[in-house]
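*Asks:* Got a structure for you, questions after.
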Amino acid sequence: MFDMRRSAFGGFRELEGKHAVVMGGAGFLGSHVCTWLVYSGAKVTCIDNLITGSSANVSHLLGDRKFRLIDYDVTDYLHVSGEVDYVMNFASPASPVDYLKWPIHTLKVGAFGTHKGLGLAYAKGATFFLASTSEVYGDPLVNPQPETYWGNVNPIGPRGVYDEAKRFAEALTLAYNREHEVDTRIVRIFNTYGPRMRPDDGRAVPAFFKAALENRPLPVFGDGSQTRSLCYVDDEVEGILRLLLSEETGPVNIGNPEEVTMLELAETVQDVVGNHPGVELHPRPTDDPMVRRPDTSKAELVLGWKAQITLREGLSRTLPWFKEVLGY
Ligand code: NAD
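As structure tokens, then:
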């Protein structure tokens, strides 16, 4: 049986006794964040409409008095009783398969969901934390991408619903900071992987693990020369919580700068699984970025954070999860 607690390590004493509202907390990343918060001694109200998440992701927390899960759409009126220290917004379809299936919802949750979360933080005097994305850089013309790069996004392409929702969410977050002096944090998350990803969410890591375990050729888009930089979830969550506890208002990239081509990723997954069925090339989706790599100098400077887990190590830590969910 996969141990849900396995990926929770560390702990942040500063969080003890605090109350965090985590929007989208039953998703892949949000559930890891909830776990770290609870294990650090914080009280967590997780609000999630389970559109792409699942209560199974937080099942290990449900018996804990510090944790509660509320099945609710955060684009609706949002009220939480009592004191709140942090409002963290992870709510959004996040994989291309999901946001192409729910384009309007993706725009709504990025806009109205973020607005409701900011309203709650404002009313409670809480810190608002936005989970933004490296997709705000679009198909970037500079590599690696520093926070100062404004991006190269096609607003009307199919992926625009996600990229522009996050760009709007960042703008709204900083507007609340400037006009209402809400304390804000923005993390630009680069591709993150690890236990609790859905095998069918369409992202490369689950698709490659599934194919390799089934001994089928791994589905690679284009010629596989496009690059990604993948961060193991424990590294990502550590960076997220360091940012939460910092005083950095503007966006900070959190990701692993180890950049690999899709073909290299496919090769490494096959090595880790121990099956080598090869790859099968598929047409590249519209506006699929050619390169992606974080410049993490700001995170290193202001948070003292740097990814520690290599791609091969992170994939090895992820393998038991995919074996379990796929019944191997
Ligand atoms: P996920 O789909 O697993 O999690 C998103 C969660 O939000 C799900 O549990 C879903 O049910 C919930 N949600 C969506 N709409 C909602 C609504 N209206 N009301 C309440 N809950 C709602 O995706 P993830 O990979 O965990 O991503 C989490 C966040 O991190 C997203 O905001 C995403 O944009 C951001 N992000 C993730 C990555 C990554 O590599 N995983 C990269 C960049 C940014």
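Letter by letter, the sequence shown follows residues 377 to 704 in the working numbering.
Every residue gets a Cβ at the ideal spot worked out from N, C-alpha and C, and that includes glycine.
Since this is a predicted model, take the numbers as computed values, not measurements.
Which residues bound the alpha helix (DSSP H) around L619?
*Replies:* First-last of the alpha helix (DSSP H) with L619: V609 to L620.
*Asks:* Of all the beta strand (DSSP E) runs that stay within the bounds of the segment 452-486, which reach a length of 3 or more residues?
*Replies:* Listed in chain order, they are 462-465.
*Asks:* Report yes if the CB atom of T603 is closer than 8 Å to the CB atom of V636, and no otherwise.
*Replies:* For T603 and V636, yes; Cβs fall inside 8 Å.
*Asks:* Please state if the CB of V628 and the CB of R579 are separated by a distance shorter than 8 Å.
*Replies:* No, they are not a contact pair.
*Asks:* Which residues mark the beginning and the end of the alpha helix (DSSP H) in which P696 is found?
*Replies:* Run containing P696: L687 to V701, per the alpha helix (DSSP H) assignment.
*Asks:* Using the beta-carbon count (16 or more within 10 Å), is N632 buried or exposed?
*Replies:* By the 10 Å Cβ count, N632 comes out buried.
*Asks:* Can you give the Cα-Cα distance for V581 and Y538, rounded to whole angstroms?
*Replies:* Cα to Cα, V581 sits roughly 20 Å from Y538.
*Asks:* Tell me whether the segment 503-522 and the segment 552-568 touch, counting them as touching only if at least three CB pairs, one residue from each stretch, are closer than 8 Å.
*Replies:* They touch, by the three-pair rule.
*Asks:* Examine ligand 1 and report whether any of its heavy atoms sits within less than 7 Å of the Cβ of M638.
*Replies:* False, no ligand heavy atom lies under 7 Å from that Cβ.
*Asks:* Once the 5 residues before and after R389 are set aside, which same chain residues still bring their CB inside 8 Å of it?
*Replies:* Answer for R389: S416 and G417, listed in chain order.
*Asks:* I'd like to confirm something about I427: is its beta-carbon nearer than 7 Å to some heavy atom of ligand 1, or not?
*Replies:* Correct: I427 has its Cβ closer than 7 Å to ligand 1.
*Asks:* Per DSSP, T662 is paired with what?
*Replies:* Partner(s): none; T662 has no beta bridge.
*Asks:* Roughly how far, in whole angstroms, is the beta-carbon of H408 from the beta-carbon of V609, given that I think they are within contact range, below 8 Å?
*Replies:* With a Cβ gap of about 5 Å, H408 and V609 count as contacting.
*Asks:* Assuming P520 contacts R669 (C-beta within less than 8 Å), just tell me the rounded distance between them.
*Replies:* 4 Å between Cβ atoms; contact.
*Asks:* Compute the Euclidean distance between the alpha carbons of H395 and L437, then round it to the nearest angstrom.
*Replies:* Distance between the alpha carbons of H395 and L437: 15 Å.
*Asks:* Measure the Cβ-Cβ separation of S605 and E643 and say whether it is below 8 Å.
*Replies:* Contact: no.
*Asks:* Is I423 close to ligand 1? I mean its beta-carbon at under 7 Å from any heavy atom of the ligand.
*Replies:* Checking the Cβ of I423 against ligand 1 gives yes.
*Asks:* Within the present structure, is the beta-carbon of D449 separated from the nearest heavy atom of ligand 1 by less than 7 Å?
*Replies:* True, at least one ligand heavy atom lies under 7 Å from that Cβ.
*Asks:* For G495, collect the residues of the same chain with a Cβ closer than 8 Å to its Cβ; drop the 5 residues on either side in sequence, then sort them by chain order.
*Replies:* Around G495: L454.
*Asks:* DSSP state of M380, grouped into three classes?
*Replies:* With a pLDDT of only 41 at M380, under the threshold of 50, the placement of this residue in the model should not be trusted; the figure read from the coordinates follows. DSSP places M380 in coil when its eight states are reduced to three.
*Asks:* Do the segment 464-481 and the segment 583-598 meet, that is, are 3 or more Cβ pairs less than 8 Å apart?
*Replies:* Cβ pair count under 8 Å is below three, so no.
*Asks:* With a CB to CB cut of under 7 Å and the five nearest residues on each side skipped, what residues in its chain are close to S383?
*Replies:* The pLDDT assigned to S383 is 44, lower than 50, so where the model puts this residue is not dependable; a value taken from the coordinates is nonetheless given after this. Cβ within range, chain order: H408, G570, P571, V609 and D610.
*Asks:* Measuring alpha carbon to alpha carbon, tell me which of D449, V518, E624 and W526 ends up nearest V512.
*Replies:* When each option's Cα is compared against that of V512, the closest is W526.
*Asks:* In its own chain, which residues sit with a C-beta less than 6 Å from the C-beta of N567, not counting the 5 before and 5 after it?
*Replies:* The residues are R604 and L606.
*Asks:* With respect to the beta strand (DSSP E) encompassing A396, which residues constitute its N-terminal and C-terminal limits?
*Replies:* Element bounds for A396: H395 to M399.
*Asks:* With burial defined as no fewer than 16 other Cβ atoms inside 10 Å of the residue's Cβ, what is the status of L677: buried or exposed?
*Replies:* Under this definition L677 is an exposed residue.
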